Each structure stands twice: as C-alpha cells, then as structure tokens.
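See below for the structure under consideration.
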Amino acid sequence: MTIFIIIIVKQTKSGLTLIILLILIQITKQYCIRQSNNLYSVLKRNHQNVLSYQSGALISSKTINYFQYGNNGVVLRDEFYKILPYGVYFTRCQLGQSISIILLQKYLLTTLKIWFWEYEYLHNKGIRYYDIIVYAKLDQGKNKIYDSNLAISLMKIEFPEQFVEEFQIVNVGGNTYNSGLHIIKVEAYYKFS
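Residues in the sequence shown are numbered from 1228 upward in steps of one, following this note's numbering.
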C-alpha cells in the first residue's frame, strides 16, 4: 500500500512538475515572440520614412551631386517645400552618374517614392520624362528594383520585401529636356500589402 501511495505521489509530483514546466515554456515563448515582433518593427522603422535627416540617412554621392541653393536642395530634408517662381529646390546629377543614399542601418523595406523636378508648365512645355535605373543595395550585392525611361513626376516603386542599406538612383539617359537627373525628395518605408 505504501509503495502504491509513493508511486502516486511521485507521478503527481512529476505531473505537476511537467505542467509547471509547460507553463514556463509557454510564457517564455510568448516573451520571445513579443521581443521578435518588436525587433521586426524596428527593422521596418514602424512604417516611417527612413530617408530623411531625422532618420540618419546620408547622401554618399554628394561629391558628384549638385544641390540647388546648398542644403535647401538636399532630397533628405524634412521641412515643407516651397514652390518658387522657377520651380523648387532639387538634387541633381549628370548623365551616367547617380544619387546614392545610405541608410543609418539595414532596414526591411518594400516601397520607395521619388519626386522628380517637373515644372515645365512654368515655361509652357510638355511633361518631363526621366530615364533611370534604381538599385536597392545590401552589403556588396544590389538588386534592380526599377528600370524605365518613362519615370515621371511622383513615382512610387513597390518591390519585394528585402533588407536595404543603400538606394542608388542612376541617371541613364537624362530627361526629355536635358541630360540631368533632378530629384526633389525621396522616401522609403515598409508598406503592408
């Protein structure tokens, strides 16, 4: 009889131990999932623009780029844009060159927006089309995310979810009026489908 009671007590203790162990595993798993989700949202930057001064982005090609009226022409500025009698401020590069923007860290992204200078209506001209290639770079590799000679106005490029540490916008053929690539503003973020 005592052996039977000892076996029941041991089984009850081991059963209770097993239940407590399973509860602890579940709590730990939930905590890890929460931590993972928090980290994932940091990498997605909470769906905010990662190409701005505030986010720590830098124009790595600044030595070959031209900024209309100094820092006012930088595509990373956060303040509002003024439309001037001759257009707006912009960043420019020549034919065969590029505007390269390095991010503060590697981010998980799906969307890039580019605003091109296109104020031809001020001079009673038609629409300005740009011939560009856009790359998303990570470490030593780069993926082409856009290639067209019909880039116009405000472009939204959606690409497969990937980690990015730099965007490179290459001036392949200039635009319909000259050989320059003129960009007013760029933004990049993670967008849910």
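Using N, Cα and C, we set each Cβ at its ideal position, and we do this for glycine too. Because the structure is a prediction, the values reported are computed rather than measured.
Q | Neighbourhood of residue 1356 by C-beta distance below 8 Å, restricted to the same chain and skipping five residues each side | A | Taking the first residue of the sequence shown as 1, we reach residue 1356 at position 129. Spatial neighbours of residue 1356 in its own chain (CB-CB distance under 8 Å, excluding positions within 5 residues in sequence) are listed in chain order as 1376, 1377, 1378, 1379, 1402 and 1403.
Q. Where does residue 1347 fall in DSSP's three states?
A. Looking up residue 1347 in the sequence shown gives position 120. Helix at residue 1347.
Q: Give the C-beta separation of residue 1282 and residue 1335 to the nearest angstrom, bearing in mind that I take them to be a contact with Cβ-Cβ under 8 Å.
A: Counted from its first residue, the sequence shown places residue 1282 at position 55. Counted from its first residue, the sequence shown places residue 1335 at position 108. That pair is no contact at about 14 Å.
Q.
From the DSSP secondary-structure annotation, give me the bridge partner or partners of residue 1329.
A. In the sequence shown, counting from the first residue as 1, residue 1329 sits at position 102. Looking at the DSSP assignment, residue 1329 forms a beta bridge with 1285 and 1393.
Q | residue 1410 vs residue 1342 beta-carbon contact at 8 Å | A | Walking along the sequence shown from the start, residue 1410 turns up at place 183. Walking along the sequence shown from the start, residue 1342 turns up at place 115. Pairing residue 1410 with residue 1342 gives a Cβ-Cβ distance under 8 Å.
Q. Mind checking whether residue 1392 and residue 1365 have CB atoms under 8 Å apart?
A. Position 165 of the sequence shown, counted from the start, is the residue given in the question as residue 1392. Position 138 of the sequence shown, counted from the start, is the residue given in the question as residue 1365. The answer is yes: Cβ separation under 8 Å.
Q.
Within 10 Å of its beta-carbon, does residue 1412 have 16 or more other beta-carbons around it, so buried, or fewer, so exposed?
A. Here the question's residue 1412 lines up with position 185 in the sequence shown. The residue in question, residue 1412, is buried, as its Cβ has 16 or more Cβ neighbours within 10 Å.
Q: Using DSSP bridges, identify the partner residues of residue 1374.
A: Along the sequence shown, one-based indexing puts residue 1374 at 147. Per DSSP, 1360.
Q: Use the C-beta contact count for residue 1252: other C-beta atoms within 10 angstroms, 16 or more gives buried, fewer gives exposed.
A: To locate residue 1252, count along the sequence shown from 1; it is residue 25. A residue is called buried when at least 16 other Cβ atoms come within 10 angstroms of its Cβ; residue 1252 does not meet this threshold and is exposed.
(Q) For residue 1369, tell me which candidate among 1390, 1383 and 1385 has the shortest Cα-Cα distance. (A) On the sequence shown, residue 1369 is found 142 positions in, with the first residue counted as 1. Measuring from the Cα of residue 1369, the nearest candidate turns out to be 1390.
Q. Around the Cβ of residue 1339, are there at least 16 other Cβ atoms within 10 angstroms (buried) or fewer (exposed)?
A. Reading the sequence shown from its first residue, position 112 is the one you call residue 1339. Residue 1339 should be labelled buried.
Q.
Using the three-state DSSP reduction, which class does residue 1251 fall into: helix, strand or coil?
A. Taking the first residue of the sequence shown as position 1, residue 1251 is located at position 24. Helix.
Q) Between the C-alpha atoms of residue 1275 and residue 1414, what's the straight-line distance to the nearest angstrom? A) Within the sequence shown, the letter at position 48 stands for residue 1275. Within the sequence shown, the letter at position 187 stands for residue 1414. For residue 1275 and residue 1414, the gap between their C-alpha atoms comes out near 9 Å.
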